[in-house]
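Engineer: Just passing along the structure, written as structure tokens.
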Amino acid sequence: MNRLDRLCPGRLSSALGPFLTVLVFSVAAQAQVDEASAPPSGDASRASGLEASFRAGAFRRMLRYNDDIFQRLQSYTLKTGPWLEGDLALFPGALAGDHGALSWFGVEGSYGQAVGLDSERYAGETFDTSSHAYGVGLAARVPVRTHRVTAGVGYGRRVFEVEDTVPDNALYPAEPGVPSADYQFLRLGAGFEFQATRALTLITMLGYRAVLGEGDIAEDAWFPNASAGGIDFGMQLRYALTDALDVRAGFELERYFFKLNPEVGDARVAGGALDQYLSAYLGVGYAL
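To convert, count from 1 in the sequence shown and add 1; that's this note's numbering.
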């Protein structure tokens, strides 16, 4: 169920405003560092044309409803699920040998997949569960001394499905009582890569997600008038083993918030909902 008419610039500016302010002041302060502190040859000013990474970790999902007047809606928690993800970014200007502004801009993509998931209801039924996510978009990285300011805009999707199951000797499938999520969104993000030492870099990322489609929760059987938005935040610590290879660890948080807008006669009634995904991971990165 698409929601192209629900892009909210006001939410976008309020979500990104404080973070962008911090970025501006950080850049301004760094620009006043004495010229004598020239960056070493392996820093962010040397633009790589290809950046790839792989990470493995675990994630947790929590779905909660607000103002569930009749107490008929079932919350959901996935305590821990394994997660694998790969990321790739290409910067054509840098690949061609340019070291100026052309090397700042490129394209990026990512794909992540959960493995070995299932969900269990209080009555004991087990439901097959799956989840994956991907994103593609345009990327920018602007060197500031030994650091970098990053930005990106693109399309993404997050899917989480809990399937019906057919118990032994049952005529009809058992329903999990949880709507499957299929978030399709446009994402606008910003970040800052702070190079603490030649080998150690701390990265902070923040994004706003203008949700175009929500999945089952916005269908007639659930909340046909629902609207949603989303934000994400992450931090990552990288340690460079060589100029090309690093190890990394970090966490990411995604939050999708809903106005459910129920009407008289709707099968379910609630004021809002919050769907949250929290992940932590270890990984390796390669730059060329």
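Cβ coordinates follow ideal geometry from the N, Cα and C atoms, glycine included.
Checking 8 Å against the spacing of the C-beta atoms, do asparagine 67 and glycine 272 come in under that value?
Structural biologist: yes
Engineer: Counting only the same chain and skipping the five closest in sequence on each side, list residues whose C-beta sits under 7 Å from that of aspartate 276.
Structural biologist: Leu64, Ala182 and Tyr257
Engineer: So, at 6 Å on beta carbons, what are the nonlocal neighbours of aspartate 233 in its own chain, with the 5 sequence-adjacent residues on each side left out?
Structural biologist: Gly208 and Glu255
Engineer: Name the one or two DSSP bridge partners that proline 225 has.
Structural biologist: For proline 225, which the question treats as bridged, DSSP gives no partner whatsoever.
Engineer: According to DSSP, is serine 104 part of a helix, a strand, or is it coil?
Structural biologist: Reduced to three states, the DSSP call for serine 104 is helix.
Engineer: Pull up the distance between the alpha-carbon of glycine 101 and that of phenylalanine 92, whole angstroms please.
Structural biologist: 12 Å
Engineer: Compute the beta-carbon to beta-carbon distance between alanine 288 and leucine 51, rounded to the nearest angstrom, for a pair I have assumed lies under 8 Å.
Structural biologist: 7 Å
Engineer: Check for me: the beta strand (DSSP E) holding alanine 59 runs from which residue to which?
Structural biologist: Annotation: the continuous beta strand (DSSP E) that includes alanine 59 extends over 51-67.
Engineer: Ordered along the chain, which non-local residues of its own chain (more than five positions away) have a Cβ less than 6 Å from that of alanine 152?
Structural biologist: Same-chain partners within the cutoff: Ala141 and Ala191.
Engineer: Using 7 Å as the cut-off, classify the Cβ of leucine 213 as near or not near the heavy atoms of the ligand HEM, replying yes or no.
Structural biologist: Absence of the ligand HEM is noted for the structure shown, with no ligands found whatsoever.
Engineer: Which of the three DSSP states is assigned to glutamine 277 in this structure?
Structural biologist: strand
Engineer: Suppose only complete runs of 4+ residues qualify. What are the alpha helix (DSSP H) ranges in the stretch 199-278, listed by chain order?
Structural biologist: none
Engineer: Can you find the residues in the same chain that come closer than 7 Å, C-beta to C-beta, to arginine 149, ignoring five residues on each side of it along the sequence?
Structural biologist: Ala45, Arg142, Val143 and Glu194
Engineer: Quick one: using the 10 Å Cβ neighbour count with 16 as the cut-off for buried, is arginine 199 buried or exposed?
Structural biologist: By the 10 Å Cβ count, arginine 199 comes out exposed.
Engineer: Bridge partners for threonine 290 per DSSP, in chain order?
Structural biologist: Residue 290 is absent from the model: the chain starts at 2 and stops at 289.
Engineer: Just the C-alpha distance for alanine 95 and alanine 245, rounded to the nearest angstrom, thanks.
Structural biologist: 15 Å
Engineer: Which partner residues of arginine 142 appear in the DSSP bridge assignment?
Structural biologist: Thr151
Engineer: Excluding the 5 residues preceding and the 5 following leucine 189 in the sequence, name in chain order all residues of the same chain whose CB lies nearer than 6 Å to its CB.
Structural biologist: Val154 and Tyr209
Engineer: How about valine 179 and glutamine 72: do their beta carbons lie closer than 8 Å?
Structural biologist: Valine 179 places its beta carbon 8 Å or farther from that of glutamine 72.
Engineer: Which same chain residues, not among the five before or five after arginine 158, have their C-beta less than 7 Å away from its C-beta?
Structural biologist: Ala134, Tyr135, Tyr184 and Gln185
Engineer: Measure the CB-CB distance between leucine 279 and arginine 56 and report whether it falls below 8 Å.
Structural biologist: It is not a contact, given that the beta carbons lie outside the stated cut-off.
Engineer: In whole angstroms, what separates the C-alpha of glutamate 109 from that of methionine 206?
Structural biologist: 15 Å
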